[in-house]
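Just below is one structure, and these are the notes that go with it.
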Amino acid sequence: MLKRVVNFGLAGLFVLMIAVPGFAKGITLGLGVGGGGTFPLSRYVKAAPVSGSYSLTDVKNGPGWSLHAELLLIGMEIRYTWQVFTWKSIKYQDANGNILSASTKGLPWLQFHSLTLGYRWYIVNSKFKLYLPLGVGPAFVTFNDVDKLKGQYGFTAYAGLVMEYAPVKHFSIGLGARYNFFLTNQPTNIVKGKIKNSVDDSIKKSIVSGTVKTPTLKVKDMVALFHSITVNLSFTVFF
């Protein structure tokens, strides 16, 4: 299914590039780098609480940062992006339904790597530029917990609004925001490593005596839908 979605997205972008004459004109070749903040708009792990059992109830991501490098060719952008998210909170319930918190200290970052093919639709194309970037491509997820991750991959798409200013002929500085959509498989793998250890430790501390209950860590969906906004500065050299 993911493969079909990626193929459909790439085909749609290609048709759009041909059909719409308002896309970027006049740029032959450029190299760009940049970075900034990235902000989650949803939860990557959607917990599925189990009644009468120790189980996850909510896992929230926190803001992080983003870096990118891109090659520009006639308005097309081939872009590698690295987005890193922290963890804001982990909630779980005990056997009586009480909601407790587990520590997020020391949890590895949630990281998205993507390689996208995009195009820039210019609204203004002069010394000052204003454009809408659109792109799609494959995405990969890492959690610095490699032994618990198996084939965490999927698809990403983005759309945004970017302003650029060229103080000299072959160099520009940009500021922009992009909405990012991720569709990946097996989000359940994320909760099998460090998150499980964090909940285990919290349960041990909460039980004064008796047998420590092993938590049931379930997720609602086998496919993760995740959304974020990145706000980045960019620096581009044109040839």
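In terms of numbering that gives the first Met the number 0, the sequence shown is residues 0 to 238.
Backbone N, C-alpha and C define an ideal beta-carbon position, used for all residues, glycine too.
Owing to the predicted nature of the structure, the values given are computational and were not obtained by experimental measurement.
Backbone CA spacing between residue i and residue j [nearest angstrom]
i	j	result
residue 165	residue 128	8 Å
residue 156	residue 196	33 Å
residue 216	residue 89	12 Å
residue 65	residue 98	33 Å
residue 50	residue 102	22 Å
residue 17	residue 158	Only weak support exists for where residue 17 lies, its pLDDT of 47 falling under 50; the coordinates are left without a value.
residue 55	residue 228	26 Å
residue 38	residue 180	12 Å
residue 281	residue 175	This structure gives no information on residue 281, because the portion of the chain shown stretches from 0 to 238.
residue 84	residue 203	27 Å
residue 115	residue 57	31 Å
residue 36	residue 118	22 Å
residue 23	residue 113	The predicted position of residue 23 is uncertain, since its pLDDT is 45 and thus under 50; a value taken from the coordinates is nonetheless stated next. Rounded to the nearest angstrom, the two C-alpha atoms are 23 Å apart.
residue 91	residue 32	40 Å
residue 34	residue 223	25 Å
residue 130	residue 214	49 Å
Identity of the residues DSSP links to residue i by a beta bridge
i	result
residue 118	75 and 133
residue 128	124 and 163
residue 182	154 and 224
Where the beta strand (DSSP E) containing residue i begins and where it ends
i	result
residue 222	222-237
residue 37	28-39
residue 216	No beta strand (DSSP E) contains residue 216, which DSSP labels as neither H nor E.
Backbone secondary structure at residue i - three-state DSSP
i	result
residue 167	strand
residue 65	strand
residue 187	helix
residue 108	coil
residue 49	coil
residue 96	coil
residue 42	coil
residue 54	strand
Buried versus exposed, by CB contacts within 10 Å (16 or more), residue i
i	result
residue 238	exposed
residue 242	Any answer about residue 242 is impossible in this case: the structure gives the chain only from 0 up to 238.
residue 244	A question about residue 244 goes unanswered here, because the residues of the chain that appear run from 0 up to 238.
residue 152	exposed
For residue i, the first and last residue of its enclosing alpha helix (DSSP H)
i	result
residue 194	193-205
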